[in-house]
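Have a look at the structure below, then the notes.
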Amino acid sequence: ALDATVEVIITAYKESCLKLNVRPIPKLIKQLQDITELSGRVECLDLRAEKLDYKTCETLEEVFKRLQFNEVNAESTSLDEDGASALFDMIEYYESAVHLNISFNKHIGVRGWQAAANLMKKKTGSLQILDARNSPVADQALPFVARALRMHSSLAVLHMENASMSGRPLLLLVSALKMNLALRELYLADNKLNSGQDALQLGNLVKFNSTLQLLDLRNNSLMDSGLQHVCEGLKEQKKGLVTLVVWNNQLSHVGMQYVASMLPCTQSLETLNLGHNSVGNEGVLRLKDGLIANRSVLRLGLACTRITCEGAVAVAEFIAESPRIVRIDLRENDVKTGGLMALALALKVNTSLARLDLDKEPKKEQVKSFLDTQKSLQTEIQNYCKRN
């Protein structure tokens, strides 16, 4: 940034507003006044919920010219095609942001997304995190965005939750990401991704891309047949994915067979979240041997998966065998005294598990005294975790 004092920046911004007949943004002026350090990047430029039309975006150049930020937050700013393309062009030119949030802007349009693509493909650029939740890419702009990601993009984290990614958009995204070596985290929740073509694409993604570390697919409709595609892809991949989230994807015990056969093959997967699926006791029994044969998983999410004591016993058998599991989430399951006993016994011999999440309230039992037993077992379990 130029050796500009804050006063100079504010004056230049206000003059630009006057010239373009735009009302200065009070929140922006306040943020500028609060800046104490001008060397290096300022933490955040927060423009959330301000209406950023084309002229307003133009006035921001006086700020971007002189200051760089870690985050530029333009969430819910009613960006249109003109405003978005002006804003992204400036952010690209001045390397204004490491993290850019353009969530909840549904009208960025073709030109806006083309400018965003230019910003993404700048391989020496500063941009590392793009958050485009609830901001679908315009159809005609999809090839530009895909091409940007196929190039040597600097982007490490991409949020595209609820962005109409099912079908052709996912196909183009995956074909680009097969070549990409920079992206580390991809968030695709709430995209109505299906068990057919979409899941096939995701299987290809994890098969061919070995640098992606986190894939978040929560709240989609992969179902068991879709999960099979993803697991087949992971089987082929010796290194690569570290975190897989398939929370709430209409999975059943059938799908756990595919996970179980994938687990001994993967050497990189550390976090597996299967929460809010009908895994059931049978599913956990299928998972158990795969988990025991696996050498990488540290965190396992089984919250709200219709597990009772029988399933908890299978989890306990895995805990007793595992030298490395660090955290398991069993909340929102019907685990009573029998299951808790098995878990407590397993923890007695396990030396790695530092956190076991269970429901705080004891579950209803036929025998009243078992409620107290549940409470004391809970305490015993937490004490073992503390010890570890």
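Letter 95 of the sequence shown, counting from 1, is numbered 95 in UniProt numbering, and no numbers are missing. Heads up, the beta-carbon is just placed ideally off N, CA and C, and yes, glycines get one too. Quantities reported herein were computed from a predicted structural model and do not represent experimental measurements.
Neighbourhood of residue i by C-beta, 8 Å cutoff - its chain only, sequence neighbours within 5 removed
{"i": "Asp3", "result": "Residue placement at Asp3 is poorly supported in this model, since its pLDDT is 48, which falls under 50; the coordinates still yield a value, given next. The answer, listed in chain order, is Leu38."}
{"i": "Ile10", "result": "Ile29, Leu32, Gln33"}
{"i": "residue 422", "result": "This structure does not reach residue 422, given that the chain is present from 1 up to 388, and the question cannot be answered."}
{"i": "Asn70", "result": "Arg41, Val42, Glu43, Cys44, Ala97, Val98, His99"}
{"i": "Asn249", "result": "Leu217, Arg218, Asn219, Asn220, Ser221, Leu222, Met223, Gly226, Leu227, Asn277"}
{"i": "Lys27", "result": "Asp46, Leu47, Glu50"}
{"i": "Val8", "result": "Arg66"}
Beta-carbon proximity of residue i to residue j, cut-off 8 Å
{"i": "Leu269", "j": "Leu241", "result": "yes"}
{"i": "His152", "j": "Lys123", "result": "yes"}
{"i": "Gly301", "j": "Val259", "result": "no"}
{"i": "Gln114", "j": "Ala141", "result": "yes"}
{"i": "Leu356", "j": "Cys309", "result": "no"}
{"i": "Met256", "j": "Val230", "result": "no"}
{"i": "Pro362", "j": "Lys348", "result": "no"}
{"i": "Ile328", "j": "Val315", "result": "yes"}
{"i": "Val157", "j": "Gln201", "result": "no"}
{"i": "Leu298", "j": "Val326", "result": "yes"}
{"i": "Arg331", "j": "Ser352", "result": "no"}
{"i": "Glu365", "j": "Leu358", "result": "no"}
Closest Cα partner of residue i within the set the options
{"i": "Gly83", "options": "Gly112, Ala97, Ile9, His99", "result": "Gly112"}
{"i": "Val246", "options": "Thr305, Lys65, Lys235", "result": "Thr305"}
{"i": "Asn219", "options": "Ser195, Lys288, Leu172", "result": "Ser195"}
{"i": "Leu234", "options": "Glu71, Ser154, Lys288, Thr211", "result": "Thr211"}
{"i": "Leu244", "options": "Leu205, His253, Ser278", "result": "Leu205"}
{"i": "Leu274", "options": "Pro264, Ser322, Asp216", "result": "Asp216"}
{"i": "Asn333", "options": "Lys368, Ala182, Val8, Lys360", "result": "Lys360"}
{"i": "Glu185", "options": "Asn350, Gln128, Asp46, Asn388", "result": "Gln128"}
{"i": "Leu263", "options": "Lys288, Asn249, Gln250", "result": "Lys288"}
{"i": "Ala354", "options": "Pro169, Asn249, Asn388", "result": "Asn388"}
{"i": "Leu130", "options": "Leu272, Arg168, Tyr187", "result": "Tyr187"}
{"i": "Gly203", "options": "Glu380, Ala303, Glu232", "result": "Glu232"}
Supposed contact pair residue j and residue i - C-beta distance, whole angstroms, cut 8 Å
{"i": "Ile319", "j": "Ala346", "result": "4 Å"}
{"i": "Cys57", "j": "Ala12", "result": "About 16 Å separates the two Cβ atoms, so there is no contact after all."}
{"i": "Lys178", "j": "Ser135", "result": "Going by Cβ atoms, the distance from Lys178 to Ser135 rounds to 24 Å, so no, they are not a contact pair."}
{"i": "Val6", "j": "Ile35", "result": "6 Å"}
{"i": "Asn350", "j": "Ser322", "result": "7 Å"}
Neighbourhood of residue i by C-beta distance below 6 Å, restricted to the same chain and skipping five residues each side
{"i": "Lys192", "result": "Ser166"}
{"i": "Asn383", "result": "none"}
{"i": "Ala176", "result": "Ala146, Leu149, Arg150"}
{"i": "Glu62", "result": "Ala12, Tyr13, Ser16"}
{"i": "Val22", "result": "Lys55, Thr56, Thr59"}
{"i": "Gly226", "result": "Ser195, Ala199"}
{"i": "Gly109", "result": "Glu81, Ala138"}
{"i": "Glu236", "result": "Lys207"}
{"i": "Phe88", "result": "Ala115, Ala116, Leu119"}
{"i": "Leu170", "result": "Asp198, Gln201"}
{"i": "Asp46", "result": "Asn73"}
{"i": "Gln213", "result": "Arg184, Val242"}
{"i": "Lys121", "result": "Ala148, Met151, Ser153"}
{"i": "Phe64", "result": "Met90, Tyr94, Ser96"}
Own chain partners of residue i with C-beta closer than 7 Å, once the 5 adjacent residues on each side are dropped
{"i": "Ala132", "result": "Ile102, Ser103, His159, Met160, Ala163"}
{"i": "Ser296", "result": "Thr266, Gln267, Ser268, Leu269, Glu270"}
{"i": "Ala1", "result": "Caution is warranted here: a pLDDT of 47 is assigned to Ala1, below 50, making its placement in the model unreliable, and no coordinate value can be reported."}
{"i": "Lys239", "result": "Ser210, Gln267, Ser268"}
{"i": "Leu172", "result": "Leu142, Pro143, Ala146"}
{"i": "His253", "result": "Val279, Gly280, Glu282, Gly283, Arg286"}
{"i": "Lys51", "result": "Thr77, Ser78"}
{"i": "Asp224", "result": "Leu251, Ser252, Val254, Gly255"}
{"i": "Leu181", "result": "Thr211"}
Three CB pairs or more closer than 8 Å across the segment 333 to 349 and the segment 271 to 284: Touching, no, given that fewer than three Cβ pairs across the two stretches are closer than 8 Å.
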